Amino acid sequence: MSDQAQAGSRYDVADRAARSWGERLTSWESILALLLVAVFVVNGLLSPYFLDLFNLSDATFNFSEKALVALPMALLVLVREIDLSVAATIALASLAMGLCAEAGAGTPVLILVGLCVGLVCGTANGLLVTAVGLPSIVVTIGTMSLFRGIAQVVLGDQAVTKYPSGLGAIGQGYLVDMPPVPLSFALFLAAAAVAAVVLHRTALGRQLYAIGNNPVAARFSGVPVDRIRFGLFAVTGLVSGLAAVLLTGRIGSTRPNIAMGWELEIVTMVVLGGVSIAGGAGTVGGVVLAVFVLGFATFGLSLVNVPGIVINILLGVLLVAAIAVPVVAGRLMGRAPTRD
Amino acid sequence: MSTGDALGRRGLVLAAIVVALIVLVGLRAPVFVTPSSLLGVVTDTSMLFMMVLAQMAVILTRGIDLSVAANLALTGMIVALVSRAMPGIPIPLVILLAVVTGLALGLVNGALIAGVGLPPIVVTLGTLSIYRGLIFVIAGGQWVTSQGMSEAFLAFPKLTVLGLSSLVWVALVVSAGFWLFLARTTAGRGLYAVGGNPVAARFCGIDLTRQQLLVYALSGAVSGLCGYLWVSRYGIAYSDIALGFELTVIAACVIGGVSIGGGVGSVPGALLGALFLGVVVNALPVVNVSPFWQMAISGAVILAAVIVNTRSEQRGGKLILPEARRAGRGGSP
Amino acid sequence: MLASTAKPAPEAPALVVRGLSKRFGGVQALDGVDLTLCAGETMALIGENGAGKSTLVKILTGIHAADAGTVSVFGRPFAARSPRDAWAAGITAIHQETVMFDELSVAENVFMGHMPLTPRGLVDWGTMRAATAELLDRLDADVEPDTPLKRLGVAQKHLVEIARALSHDARIVIMDEPTAALSAREIDDLFRIVGQLKAEGRAVVFISHKFDEIFRVADRWTCLRDGRHVGEGAIADVTEADLVRLMVGRSIDQVFPKQDVPIGDVVLEVEGLSNATEFADVSFSLRRGEILGLYGLVGAGRSEAMQALFGLTRPTRGSVRIDGAAVTIRSPADAVAAGMAYVPEDRQVQGAVLPMGIRENLTLAGIAAGPLARFLSRDRELATTRRFGGRLAVKAATWDQRLRELSGGNQQKVVIAKWLAMEPRILILDEPTKGIDVGSKAAVHAFMSELAAQGLAIVLVSSELPEVLGMSDTVLVMHEGRIVKRLPRAQATPEAVVTAATGGGHA
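Residue numbers (this note's numbering), protein chains in the order written: chain A, 1 to 340; chain E, 1 to 333; chain R, 1 to 507.
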């Protein structure tokens, strides 16, 4: 009632909230950074080979392709969508490259083919989700089977291995030799920088958060929700195509099971990075940190001969803990989320 | 209630497609439509039947369980190791052990989802990795082959009673159980209520948390049961058995008309969805089509099914105008 | 088992409510409400939208808990923690919004939550079907128990909901606007059922905006206003005009200050706007400085028509002209470009992005209207936020405070400020003061008046009679999707508006 008489007068409202150090330290990104330090310390103690510049740079080959796809996936999850067909898209793009390579195409053509196939796959997903109005999880489970299935039909139990050496130079090459920076890792860092700027500094980024937090209110505010979602699916496809180029170049062959199961690893990167599966929350920085945590933890454990499948246990626990800890901690501190 | 009502129009269409598929394959390869061959298809599909029903119960509540295949493989490894260590253990006890193990693994999901309130897709993605990894750990990276399993352990799935494989009998019992549960119990009907309209379900006094715990436990128990059946049937247990099978199960649900949005799905529909995939898998080699087609076909069918289902759901809106209301009532006096 | 007649103790009234209070955030929804209901009688609960009727119903049915006050049912103290508690005590309600399961059968909808069981604990479909058929028979409803609910029309669904209430064998039946979707014949049937319930010794609470129905069916009345009990009595002792006065209460001009401002040229002309099911042939024109009130009952199609105008849905027919030139609006972006702004009805869902800050909310429409690839400037955003947030007197600690943490009134101010920052020429306000506190309400009203004085053309959609009458230069009344009456300010009396909105005088 008190503000009735003063309508029109100014209240004293601060421009921004003072952020305490406590809040900063308990932010998800800080926790991930600490986790990353722990990964380096533990692995450094476990194996003398871990803290070696060349080994570490080699390690990035194993996660840069997935990490690249994790960036647009993070944006998709942010707007309450998901693309489970990314690994199958990689397989299909790699297949198309293989067929062209067998027909004698050169490296530039192969790159173009890989990117185009990725873009087409992403566009198909985007159309089914936005124009037809289907749930993305079902659509992309379907296209995952379809894309991977096509690769299986064409390849059977064969493999394409006749790739020009130029493609290998892209997948296995270095942008800078000393310190050693692999091209794929450099691409990931560049893409992460672009994603961070888009998400945190541009009008598009703000609209992504708005859609993720309340798609209805976003639409009522004039945000072109479906166009943006469509664009994200297309970009996710395109980046999957890029990942296919790098991966095919790195391993020099295309088999039907190429990149099998990557969709789950990529989603794990995104969720561990603090992107809420319910949409609307998450940062590029968090995803990048999660990529490093997962990538270097995997590398370190494999140095001491822990089999990959056992490392998966750790990743699974990390994933569940990542979402469970904030909820449980919130409840213990009596901040149970309430409605109204 | 006629069969038509129980199945719904979509179910009848799917049944017709399955029959047409069988007839078409039969035209090219008459051997496929012999009773023994068709029975073979059903036997091959029996585990998918059970897994699809369990997954449907989960999806009815607007959830998803991605950990079912990992649960199957882990439980399969555990019972295989037990059988190796104690060759004399009676089979009913093995089955009970499998069900209880699977149930426990399912309860882990249930506790995290219903208790802590975490999103099902992330939780079951996490437990998928964990369960797969645990197989490797408990077996020390070893495989257990049929040499390591007792004769009785391996004999059960080969048992035939009244001309039907024991696998089919188990699937029949489980299917009947699911039908009874979903059609004839308040908890089962409550699943439809919770998924169809969570707010209204609350108004009716139905507890979402208990329903969630129940479906993930059920899903786990069925996965565990199938774990034993799978390992004993194929005579091998290792960390990669049934890899990716969770997606086949979900695909069969979608094809069978189970709505990923919750609240929609029937036992006959889900079984037909599973049968469709079973027929495709078994028919391809018979008609000399590379089995590699299987995945592409199931992908295309998933997309077709979800488009058809969504289209038929997207009709009518709120009716306010009296003339539209009259039209909408279809001429009743 | 359903026909068993409730036999209340003759001395105890069916329902006694004393001093019931309930607060939601900044809004006192109920403030010390009293109510007494006897067995075998029908009580009309009347009041404007937002007077607290629905909150009272939700407390009595165990969906909300009261902050203070007592309820006793047939002499026993009653405090429902869940809908089950309410059923056990014999209270059941037919809610305003249909609470139903489209995919399930009619019988299941009737018995969800209390299905009859066989001795083995299984659902007894036979009994359930038979009981449903019997209930539907009593309602003269031409509906089969096995039909999936989604195949029914709105009226039939409503009958199913009534059957659901009867299935509880309730001794107190609350009907919250049960006739909104019914035809005249179906309403007759409903009243026959109400008579039957009374004859069986049950008590009925009947909530309706339609006075002819109230006078037909009710024995007594209780009136709520702003969450308070403002009167009760026997229906026989009052006239419709008495009740309207009591509902509206205050002298309208004092609270709602629309200044007299010169009305300018026509800005917006809407001609024949229609869609398939929700509204038809909506035509009006709007001038600079004018506030056009759009009144109607819930479900009259007002919001739907405005959302089509704003490009959120596609109308099937109709044309829009702005400053005399035809415009095509296919999306909210088009509408914004044409100078329109729309403050939606459902603040929490359509208006505010609750987890985001004031600054981010307030600049959202402006950001959405520009190119996607554009860098944001925090300083520019803050400048806009300070300017428009300040103009609406938004109260907050910081401009980064999340909307979730603000009161409803301040949330609404931010949503309005978001659209004012676009400097629109046409402002559509859909229930702008629904569920906000009195102070914020007055601030919003004062501000509307100020905007009109500056030459903005405003459409005010409201279900609150005093607001529409106090603020509007012209009142349009919608009924069943059509504009049925156009009244200039001088002729817009509460009686005339309410009569038109309830379908009186033209049906």
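Backbone N, C-alpha and C fix where the C-beta goes; we use that ideal spot for every residue, glycine too.
Because the structure is a prediction, the values reported are computed rather than measured.
Give me, in chain order, the residues of the same chain whose beta-carbon lies closer than 6 angstroms to that of residue i; leave out the 5 immediate sequence neighbours on both sides.
{"i": "E/P87", "result": "S150"}
{"i": "R/V444", "result": "P432 and T433"}
{"i": "A/V69", "result": "V86, V239, S240, A243 and I266"}
{"i": "R/A500", "result": "V477, V484 and K485"}
Using a Cβ-Cβ cut-off of 8 angstroms, state whether residue i counts as contacting chain R.
{"i": "A/V216", "result": "yes"}
{"i": "A/A131", "result": "no"}
{"i": "E/I206", "result": "yes"}
{"i": "A/R201", "result": "yes"}
{"i": "A/R80", "result": "no"}
{"i": "E/G177", "result": "no"}
{"i": "E/V269", "result": "A quick correction: the sequence has Gly, not Val, at residue 269 of chain E. Not one chain R Cβ lies under 8 angstroms of E/G269."}
{"i": "E/N197", "result": "yes"}
{"i": "A/R16", "result": "yes"}
{"i": "A/S27", "result": "no"}
Output needed for residue i: all residues of its chain with C-beta closer than 7 angstroms, excluding positions within five of it in sequence on either side, in chain order.
{"i": "R/M356", "result": "R402 and L403"}
{"i": "E/V287", "result": "V25, R28 and A29"}
{"i": "E/L125", "result": "L66"}
{"i": "R/L197", "result": "V173 and V204"}
Under 8 angstroms between C-beta atoms, does residue i make it to chain A?
{"i": "R/R374", "result": "yes"}
{"i": "E/S223", "result": "no"}
{"i": "R/G351", "result": "yes"}
{"i": "E/W143", "result": "no"}
{"i": "R/P332", "result": "yes"}
Could you spell out the range, first to last residue, of the beta strand (DSSP E) harbouring residue i?
{"i": "A/Y163", "result": "Segment: none, A/Y163 is in no beta strand (DSSP E) and carries neither H nor E."}
{"i": "R/C223", "result": "R220 to R225"}
{"i": "R/P488", "result": "R482 to P488"}
{"i": "R/T70", "result": "A68 to V73"}
{"i": "R/I428", "result": "I426 to D430"}
{"i": "R/L460", "result": "A457 to S462"}
{"i": "R/E304", "result": "Not the beta strand (DSSP E): R/E304 falls in the alpha helix (DSSP H), residues R302 to L309."}
Going by DSSP in three states, residue i sits in which element: helix, strand or coil?
{"i": "A/R229", "result": "helix"}
{"i": "A/A196", "result": "helix"}
{"i": "R/F101", "result": "coil"}
{"i": "R/F279", "result": "coil"}
{"i": "R/T274", "result": "In the sequence on display, residue 274 of chain R carries Ser and not Thr. Reduced to three states, the DSSP call for R/S274 is strand."}
{"i": "E/F245", "result": "helix"}
{"i": "R/D189", "result": "helix"}
In terms of residues, what are the limits of the alpha helix (DSSP H) holding residue i?
{"i": "R/E144", "result": "Here R/E144 belongs to no alpha helix (DSSP H), and DSSP marks it neither H nor E."}
{"i": "A/I266", "result": "W262 to L272"}
{"i": "E/W179", "result": "S166 to R184"}
{"i": "E/S83", "result": "V68 to A85"}
{"i": "A/V138", "result": "S136 to L155"}
I need the straight-line Cα distance from residue i to residue j, nearest angstrom please.
{"i": "R/A452", "j": "R/N410", "result": "21 angstroms"}
{"i": "E/S36", "j": "E/I95", "result": "27 angstroms"}
{"i": "R/Q259", "j": "E/L303", "result": "60 angstroms"}
{"i": "A/A342", "j": "A/Y163", "result": "The question about residue 342 of chain A has no answer here: the residues shown for chain A are numbered 1 through 340."}
{"i": "A/T89", "j": "A/L232", "result": "15 angstroms"}
{"i": "E/R9", "j": "E/G257", "result": "11 angstroms"}
{"i": "R/T363", "j": "R/V327", "result": "26 angstroms"}
{"i": "E/A152", "j": "A/T130", "result": "54 angstroms"}
{"i": "R/I426", "j": "R/D281", "result": "21 angstroms"}
{"i": "E/A300", "j": "E/A251", "result": "10 angstroms"}
Could you confirm whether any beta carbon from chain E is found closer than 8 angstroms to the beta carbon of residue i?
{"i": "R/I63", "result": "yes"}
{"i": "R/D102", "result": "yes"}
With a CB to CB cut of under 8 angstroms and the five nearest residues on each side skipped, what residues in its chain are close to residue i?
{"i": "R/F215", "result": "I235 and E240"}
CB of residue i to nearest heavy atom of the ligand GDP: below 7 angstroms?
{"i": "R/R151", "result": "You won't find the ligand GDP in this model; it holds no ligand whatsoever."}
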